[in-house]
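Down below is the structure, laid out as structure tokens.
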Amino acid sequence: MVLKFADNYNFTKNQKNQPANFMADNGSNNKKIWIIAVVLLLLIINGVQFYLSRQDKKDIADKQESIEKKDNQIKVQTAKLDSLNHELDLKIAQVEQLGGDTTKLGQMRRELLAELKTARAARGGDLATIRRLNAKIKDFETMMTERDEEIEQLKSQNQQLFEETTRLKKNVAQREDSISRLSQRSNQQEQQLALAAILQAVNIKVHIIDHRGKEKEDDAAEFKARKIDKIKVSFKLTDNKVAKIETKEVFMRVLEPEGSCLYDLSTGGGRFSSADGKELYYTAKQSFLFDNKQQQLSFLWGKGARFKEGTHTIELYCEGHQIGTGSFTVK
322 MVLKFADNYN FTKNQKNQPA NFMADNGSNN KKIWIIAVVL LLLIINGVQF YLSRQDKKDI
382 ADKQESIEKK DNQIKVQTAK LDSLNHELDL KIAQVEQLGG DTTKLGQMRR ELLAELKTAR
442 AARGGDLATI RRLNAKIKDF ETMMTERDEE IEQLKSQNQQ LFEETTRLKK NVAQREDSIS
502 RLSQRSNQQE QQLALAAILQ AVNIKVHIID HRGKEKEDDA AEFKARKIDK IKVSFKLTDN
562 KVAKIETKEV FMRVLEPEGS CLYDLSTGGG RFSSADGKEL YYTAKQSFLF DNKQQQLSFL
622 WGKGARFKEG THTIELYCEG HQIGTGSFTV K
């Protein structure tokens, strides 16, 4: 009985202590739950912050990449505009060299330089600027192609002009050559006519007039000095159909044995120009009407002093040309 009571007592005691243990266990579990919840919350917050931070970095990187991409696009556009500007300068120089009008090219260059200035200032520009520059570059490239066609047309025109000018120059050269040949032929004919028109004096004879006024002749034309008062030189002009019928002058030169010409201004001597431009002294001259009838002419001339011994030469000139020679000897 005592044992049974004791067992009942222990059972009852255990039943009394059981709610207290249960509450103690529940409190401990709740605390753990709260701790776990806080930890989970912190982990979630950290995860969200990490995600947001990573997303921000990605956005920044994307924006930076976008800016760099736009900058690169603008750099490419700037390089294209620079290249077009250089090409345009070459085309302007080419058109000027070809003699064409550079007004349109000059206007195009001003527009291109303005766009180039815009492109250089548009670092990190928006897509609208990039699209506009791309459109402008295409416009410029189209205009450059059109200018290329105009330059080719200008080259073709210049080539045609060059060929036409060359042909005309060749024709002019040929005509000038023909004229030159005709002129040479004409000059030759004139020279031939001039030579043919030179008169010829033939049958040149020298007689003397002594101090008594008597004329003496000698087949050998040899005369004594003491007997000579004057000399008479006679000659005949040959027939010449080319020479002009007009008044002409004939000059006589009497050359002493040593070659000097006898002349005296007081007795009608003087100087004349020969056909080769030399100034020659003459002893006497006379005018006559050439009628192409084989005229007979003569000179009567006195020295006024004694002739030197030796052979004297007679030269006859007309229109600057020597037309005949003769001689006489003084003993």
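In terms of my numbering, the sequence shown opens at residue 322 and continues consecutively. Glycine included, each C-beta is placed from N, C-alpha and C at the ideal position. Since we're looking at a predicted model, the values are computed, not measured.
Item: Rounded Cβ spacing between lysine 606 and valine 571 (contact assumed at less than 8 Å); Value: 7 Å
Item: Given 8 Å, three or more beta-carbon pairs between the region 562-582 and the region 529-539; Value: no
Item: Contact the region 627-635 vs the region 512-521: 3+ CB pairs below 8 Å; Value: no
Item: Extent of the continuous beta strand (DSSP E) to which lysine 569 belongs; Value: 568-576
Item: Counted within 10 angstroms of its Cβ, other Cβ atoms place tryptophan 355 as buried (16 or more) or exposed; Value: exposed
Item: Unbroken beta strand (DSSP E) run spanning alanine 435, endpoints; Value: Note, alanine 435: premise wrong, no beta strand (DSSP E); alpha helix (DSSP H) at 424-442.
Item: Simplified DSSP state of lysine 599, which is helix, strand or coil; Value: coil
Item: Glycine 645 vs valine 527 beta-carbon contact at 8 Å; Value: no
Item: Exposure label - phenylalanine 371; buried when at least 16 CB within 10 Å; Value: exposed
Item: For glutamine 616, the three-state DSSP class (helix, strand or coil); Value: coil
Item: Helix, strand or coil at arginine 502 [DSSP, three-state]; Value: helix
Item: Closest Cα partner of arginine 547 within the set Ser477, Phe611, Ala626, Met573; Value: Ala626
Item: Residue range of the unbroken beta strand (DSSP E) whose run includes arginine 592; Value: 591-594
Item: Residue burial classification, isoleucine 395 (beta-carbon count within 10 angstroms, cutoff 16); Value: buried
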